[in-house]
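Q: Every letter in the sequence shown is one number past the one before it in the numbering used here, and letter 121, counting from 1, is 237.
Dropping a structure here in structure tokens format, bear with me for questions.
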Amino acid sequence: MLGIDIGGTKIRAVLWDSKRAVKAREFKTPKNLAAFKKLLENILKSYRAKKIGIGVPGAVSGNKILFCPNIKYLKNFDISQLRRPTSKLRLDNDARCFARAHQNLPTGKAGLTHLDGQAVLFITLGTGIGRAISRAGKILKIKKFEYPESWEKEYQKLRDSKNNYALAIFLVQHLKWRFKEYNPKLIIVGGGVTGRQNFVAEFQKAVKLPVRKSKFGKNAAAIGAALL
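Here is the structure:
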């Protein structure tokens, strides 16, 4: 199974054998659609997987990418048109892929069993902000989460300042209505920002809820895509 996580600055491809990542590679996200299609087709050709899943940071419908706020050329793009070996190809929002890795794999579910049907909020912090919710082990399809928050540009400026404390406070202030709406008992975070020293600790202090960093590291969303 091949999982591809498309991000605003990087694309990660992971070959998954149902237990572990056999192979993982990272590429810079191309600047235009022609280069994007060429890169994706080369990845699909080189891995020759029978089952392929792709996660994108934006709105999706079936196998069509409707809109990606941080990859402007990906608009109404049907991934089925990519040349590839005969294989099943599926698409989903990247945050739901991230959540799927934790909900569907034993190593991810191990820390969720005590929640007994309660909600879990999944947040990815990279070029943009991804959000997903699961309840009673089921990942909810919340369409508004496929679109950026109105304050995402502010987040990007603060992220680039690398002030972990200020960023943690900012995120809690702007996500607090999500906490009230879905009442999560646990937050699982991933993405490049979570690799910063002390960020997760600062975020947990600010949010006053249990926060865990993804066990799957950079591969989380790609693994979840492979499970589609």
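Even for Gly, the Cβ is constructed at its ideal location relative to N, Cα and C.
Quick check on the burial criterion: 16 or more other C-beta atoms within 10 angstroms. Buried or exposed for ASN314?
A: With fewer than 16 Cβ atoms within 10 Å of its Cβ, ASN314 is classed as exposed.
Q: Mind checking which residues open and close the beta strand (DSSP E) that includes PHE238?
A: PHE238 -> beta strand (DSSP E) spans 235 to 241.
Q: If contacts are defined as beta-carbon pairs under 8 Å, then VAL176 and LEU207 qualify, I think. What distance do you get, rounded to the angstrom?
A: With a Cβ gap of about 5 Å, VAL176 and LEU207 count as contacting.
Q: So what's TRP293 in DSSP terms, helix, strand or just coil?
A: In this structure, TRP293 counts as helix in the three-state DSSP scheme.
Q: Can you give me the Cβ contacts of ILE258 inside the same chain, cut-off strictly under 7 Å, excluding the 5 residues immediately before and after it?
A: Excluding sequence neighbours, ILE258 sits near ILE249.
Q: Thinking C-alpha only, which one of HIS218, SER196, ILE122 is nearest LEU343?
A: LEU343 has its Cα closest to that of HIS218, out of HIS218, SER196, ILE122.
Q: Does DSSP put ASP121 in a helix, in a strand, or in coil?
A: Correct three-state label for ASP121: strand.
Q: Return yes when the Cβ of LYS329 is within less than 7 Å of the Cβ of VAL309, no when it is not.
A: For VAL309 and LYS329, no; Cβs fall outside 7 Å.
Q: Among VAL323, ASN148, THR125, TYR263, whose alpha-carbon lies nearest the alpha-carbon of LYS296?
A: Of the candidates VAL323, ASN148, THR125, TYR263, the one whose C-alpha sits nearest the C-alpha of LYS296 is VAL323.
Q: When you compare each of ILE170, ARG294, LYS161, LEU291 to ARG212 by their alpha carbons, which one comes out closest?
A: Closest by alpha carbon: ILE170.
Q: State yes or no: is the C-beta of SER196 within less than 7 Å of the C-beta of ASN179?
A: Their beta carbons are under 7 Å apart, which means SER196 touches ASN179 by this criterion.
Q: Which word fits THR104, buried or exposed, when buried means at least 16 other C-beta atoms lie within 10 angstroms of its C-beta?
A: With the chain covering 117 to 344 only, the question about residue 104 has no answer from this structure.
Q: Look up ILE170 in the DSSP assignment and give the residues it is bridged to.
A: The partner list for ILE170 (beta bridge, DSSP) reads ILE120, LEU207.
Q: Starting from the Cα of HIS290, find the closest Cα among SER266, LYS273, ASP276, TYR281 and give me that residue.
A: If we check each option's Cα against that of HIS290, SER266 comes out closest.
Q: Is the Cβ-Cβ distance between VAL236 and ASP210 less than 7 Å?
A: No.
Q: Where GLU318 and ASN280 are concerned, what is the direct C-alpha to C-alpha distance, given to the nearest angstrom?
A: Near 7 Å, if we compare the C-alpha coordinates of ASN280 and GLU318.
Q: How far does the beta strand (DSSP E) with LEU302 in it reach, from first residue to last?
A: It spans 300 to 306 - the beta strand (DSSP E) in which LEU302 sits, taken as one unbroken run.
Q: With DSSP collapsed to three states, give me the class of GLU268.
A: Looking at GLU268 - three-state DSSP - the assignment turns out to be helix.
Q: Beta-carbon separation of LEU349 and LEU131 under 7 Å?
A: Residue 349 falls outside the range modelled here, since the chain spans only 117 to 344, and no answer is possible.
Q: Measuring CA to CA, which of ASN158, ALA165, GLY244 is closest to ASN186?
A: That would be GLY244, whose Cα lies nearest to the Cα of ASN186.
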